[in-house]
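Residue numbers (my numbering), protein chains in the order written: chain A, 1 to 234; chain B, 1001 to 1234; chain C, 2001 to 2234; chain D, 3001 to 3234.
A short worksheet on the structure shown next.
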DNA sequence: AATGAATGAGACTTCATTCAT
DNA sequence: CATGAATGAAGTCTCATTCAT
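See the structure below:
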């Protein structure tokens, strides 16, 4: 009311876009906090400061709003990763980066969205179609690449399906965060990320690394002996 | 249906207990499938083949029914573990057993209950009071003991909080199963359990034990060789 | 259970009658406490210590039970009054007796039944038919007789319809008791009865009896004196 | 119906306020007729001609609706009395005015609300908190003042607690009206008010008024005699 | 006679969604 | 574009009542 009469020169389109963003952000919060089923359009509208009807001029339905929230969220984080990951070298470094980033994201945005995805993503009557599955696939793609790469160059064990490795990586992180939320205690992201990355990486490296190390050691010794014999025989 | 037409000699009490069990089982299914909020008494009643009102003669409320479902489920699995675990010797064997059992349970009952617990366990307005938290604690107690024991006797790394280890263990399993559910493909429990247990265990052992020793040995030899070669080449 | 095997020689009929009485008494209590609508068969059954179904073998319906409760209650009090009233002589004494008795009854049984009658007796869809009206009529009959008698012999004012007098008498008593119940404070029946009876009786006596006579006498004397003075002063 | 086809120029706001009033009025009726427990939102909605849900956009709950009905009703009548009472002089005139006004109110609105207040006001589980008690207090405040005033200046007997006087005053009126409702016959308000006020007032005046009249008479006579003797002795 | 079990009908309440303005 | 108002559909829960045993 007060605002509209004074605010000049805000292009019509812009106002709409701001509003759209506001709704998306608020919805993200609300869905995060209480889950899809318990979230109400009334609450979202109230927080944004518009009427419920207004939301329906931007989004066709509650479901639609939720999907857009998820897509937006994923897009942000995927973009970030796609920007930063290439700057990092080494399988292990990349792995550690992804772990930290994931943990960071979840912590900042609450685990709500995560829970949302996990909870709602599994309904039989695929309320959200395959949207979530696809987003999840895109989101985990970089990690999958890193792991695949690792497998290829021998940094990562090749004796398990990649899918299992992915679970072994993402599972703990979600678990850590739910724990944190449940106990309402803050997580020391950096420390946790480092610990988890360490533990997981140790689990991920080929179990034969030690044998390999032995092989290498033997190679070294054999080489040294050979060189020694060569030197001696001169 | 089948029963009702000829139902003879079903002792009065028995009928009631069967009903109770039927409701519990059906409710377990329904809650698993769609979560607490989306599950409806109507649907549960429909599947059991009774009127909604009947359910309310057995359970005071939807919440009550759900709590009883969870308690029942946990009680079963906890009992099983408490029976079998003592028969197993060795930290690693116990660990592997617990992983397999957990995986097996989740697979058989669907991950629904698991999701239920994780989703509903985190609501601010503790709809379920501390019931869930306590159940969860009892359930994970054996694993925590095994890990603690391992830490004590040097089988398990001592450089991380136990809580983190727990997350590192349970997280992947849930993840694996959601994946399976999402893709509606069966899980080869034995194989998956073996793989996961292997991977996780490798992550759990103290990073410095044998490998570090190997590294040191190799370092020593390489150093010696170098010094020797240097001496020779002079 | 325990009882039935030992209790010998209680004639079948008697057991039934005891039970019937027990139900009636409990129902009276419950209806008194919470009113017809809020009273539940479950609660009554629980207090009596029988199953709900049992009550339905004694009473056709909740409504029926309630009517029987009222009839029983009225019958008791009506019988009492019909026994005692004839022993009392004098309009005013009878009046006072009735006031005290009414107050006493209501206080002992709680005002609940009274409220019940007043609340439920006025429903359009005469749930209770004319049962209540008729009971009420029988109950107030003695008081009406006393008042009519009083009017006949000049003890009670004749310038108002009897119905109004009845209201003037019973209204305050109910009011007093509701007040008491609302404030949860005990009523000093004797004192209150005396006060009320006094106040009401003073209102009931013909306004013109003694006072009017007095007025007239005074008028006469004053007139005579004036005339006399006038005559003298001339 | 009539409105909807042509509804022009009904200001947006107005429609809503009309609705609110319509609901309040209808609810007042329904609650009056059948009491709180038996009144259903369905019935109220049906009579107003809206859906049940609509009512819930105006009132948070059945209880809320009922409270608002009561408050509205009381506010109206309290306002009226506070306007008119100061214009009247003399304890007795004020008393009579209040009796007539009360009777009039109750007759117009039915005694239903009154019953509602009395019935619901006494529930143990203070469904309505102290709302009713407070309203009742405000409503009867003017009468209490008048009575207190009367006691102070000797117009009203001082030998009973005010509370008892209040009961003696309000009780009969409610009784009269219930009678009327039960018999579905109209009440001649003016006549009944006059009669009741007369009867009650007579009960309320100090019982020694007659003795006072006698005293006065004797005084008159003694005075006259004195004047007579004085005249004679001249 | 007594009852355990079951239920139909209906209560209040919530909420996503529509629509005229 | 924004919204006040309205609502249908559905949800949880209550309770008097029935019936086979």
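The beta-carbon is built from N, C-alpha and C at its ideal position, and this holds for glycine as well.
All figures in this text were calculated on a predicted structure; none of them were measured in a lab.
Where residue i meets chain A, residues with beta-carbon distance less than 9 angstroms
i                      : result
residue 1173 (chain B) : 167, 171
residue 1196 (chain B) : 160, 164, 167, 168
residue 1138 (chain B) : What residue 1138 (chain B) touches in chain A: nothing, since even the nearest Cβ is about 15 angstroms away.
Straight-line gap, residue i to residue j (C-alpha atoms, nearest Å)
i                      : j                      : result
residue 2 (chain A)    : residue 133 (chain A)  : Confidence at residue 2 (chain A) is low in this model, with a pLDDT of 41, below 50, so its placement is unreliable and the value that follows should be read with caution. Each residue's Cα considered, the two are about 44 angstroms apart.
residue 1201 (chain B) : residue 51 (chain A)   : 54 angstroms
residue 3131 (chain D) : residue 3114 (chain D) : 14 angstroms
residue 3214 (chain D) : residue 3161 (chain D) : 27 angstroms
residue 1030 (chain B) : residue 1040 (chain B) : 8 angstroms
residue 3058 (chain D) : residue 3044 (chain D) : 13 angstroms
residue 3151 (chain D) : residue 2020 (chain C) : 53 angstroms
residue 1004 (chain B) : residue 1022 (chain B) : Below a pLDDT of 50, predicted positions are generally treated as unreliable, and residue 1004 (chain B), at 40, falls in that range; the measurement from the model is reported next regardless. Residue 1004 (chain B) and residue 1022 (chain B): Cα-Cα distance of roughly 15 angstroms.
residue 221 (chain A)  : residue 1232 (chain B) : 16 angstroms
residue 2180 (chain C) : residue 3107 (chain D) : 26 angstroms
residue 2171 (chain C) : residue 3015 (chain D) : 43 angstroms
residue 7 (chain A)    : residue 17 (chain A)   : Because the pLDDT at residue 7 (chain A) is just 49, under 50, the model does not fix this residue reliably, and the point stays unresolved.
residue 96 (chain A)   : residue 1203 (chain B) : 15 angstroms
residue 1993 (chain C) : residue 2105 (chain C) : A question about residue 1993 (chain C) goes unanswered here, because the residues of chain C that appear run from 2001 up to 2234.
residue 103 (chain A)  : residue 3046 (chain D) : 55 angstroms
residue 2075 (chain C) : residue 2146 (chain C) : 20 angstroms
residue 159 (chain A)  : residue 198 (chain A)  : 20 angstroms
residue 3062 (chain D) : residue 3135 (chain D) : 19 angstroms
residue 28 (chain A)   : residue 1042 (chain B) : 31 angstroms
residue 3234 (chain D) : residue 2217 (chain C) : 29 angstroms
residue 1196 (chain B) : residue 77 (chain A)   : 28 angstroms
residue 3164 (chain D) : residue 1053 (chain B) : 50 angstroms
residue 1033 (chain B) : residue 185 (chain A)  : 30 angstroms
residue 157 (chain A)  : residue 1224 (chain B) : 32 angstroms
Under 8 angstroms by beta carbon: chain A residues contacting residue i
i                      : result
residue 1069 (chain B) : Result: empty, since nearest Cβ-Cβ is about 17 angstroms, beyond 8 angstroms.
residue 1045 (chain B) : The contacting residues do not exist; residue 1045 (chain B) stays about 19 angstroms from chain A at best.
residue 1192 (chain B) : 164
Cβ shell of residue i (< 7 angstroms), same chain only, five flanking positions each side left out
i                    : result
residue 24 (chain A) : 68, 69, 72
residue 48 (chain A) : 22, 23, 26
Chain A contact residues for residue i, given Cβ-Cβ distances below 7 angstroms
i                      : result
residue 1105 (chain B) : Per Cβ cutoff of 7 angstroms: no residues; residue 1105 (chain B) is ~16 angstroms from chain A at best.
residue 1202 (chain B) : 202, 203, 207
residue 1179 (chain B) : 163, 167
6 angstroms CB neighbourhood of residue i in its chain, flanking five on each side removed
i                      : result
residue 2100 (chain C) : 2193
residue 142 (chain A)  : 81, 85
residue 2098 (chain C) : 2143
residue 3109 (chain D) : none
residue 187 (chain A)  : 107, 180
Under 7 angstroms by beta carbon: chain B residues contacting residue i
i                     : result
residue 221 (chain A) : 1221
residue 100 (chain A) : Near residue 100 (chain A) there are no residues of chain B at all, since even the closest Cβ is about 15 angstroms away, more than 7 angstroms.
residue 186 (chain A) : Ordered by position in chain B, no residue passes the 7 angstroms Cβ test against residue 186 (chain A), which lies about 14 angstroms from the chain.
residue 87 (chain A)  : Within 7 angstroms Cβ-Cβ: nothing; residue 87 (chain A) doesn't reach chain B, min ~27 angstroms.
Closer than 8 angstroms at the beta carbon, the chain D residues around residue i
i                      : result
residue 2066 (chain C) : Within chain D, no residue comes near residue 2066 (chain C); the closest Cβ sits about 14 angstroms away, beyond 8 angstroms.
Listed by chain order, chain B residues near residue i by CB distance under 8 angstroms
i                     : result
residue 155 (chain A) : None at all; the shortest Cβ gap to chain B is about 14 angstroms.
Beta-carbon contacts of residue i that lie in its chain and below 8 angstroms, excluding the five residues immediately before and after
i                      : result
residue 3037 (chain D) : none
residue 3148 (chain D) : 3162
residue 3166 (chain D) : 3140, 3143, 3144, 3147
residue 2138 (chain C) : 2074, 2078
Per-residue contacts from residue i into chain B (C-beta, under 9 angstroms)
i                     : result
residue 228 (chain A) : 1225, 1228, 1229, 1232
residue 152 (chain A) : Those within 9 angstroms of residue 152 (chain A) in chain B number zero; the least Cβ separation is about 18 angstroms.
residue 217 (chain A) : 1214, 1217, 1218, 1221, 1222
Under 7 angstroms by beta carbon: chain D residues contacting residue i
i                      : result
residue 2090 (chain C) : Under the 7 angstroms cutoff, chain D gives no residues; its nearest Cβ is about 19 angstroms from residue 2090 (chain C).
Review point. What residue ranges within the region 1021-1101 of chain B form continuous alpha helix (DSSP H) runs of no fewer than 4 residues, ordered along the chain?
Key: 1041-1048, 1052-1058, 1062-1084
**Message:** Contact between the region 3083-3093 of chain D and the region 3057-3069 of chain D is defined here as three or more beta-carbon pairs at a separation below 8 angstroms; is this criterion met?
**Reply:** no
Item to complete: Could I get the ranges of all uninterrupted alpha helix (DSSP H) runs contained in the region 171-223 of chain A, with 4 residues as the minimum, in chain order?
Response: 189-204
Say whether the region 2161-2180 of chain C touches the region 2213-2228 of chain C, bearing in mind that this needs 3 or more beta-carbon pairs closer than 8 angstroms, one atom from each stretch.
no
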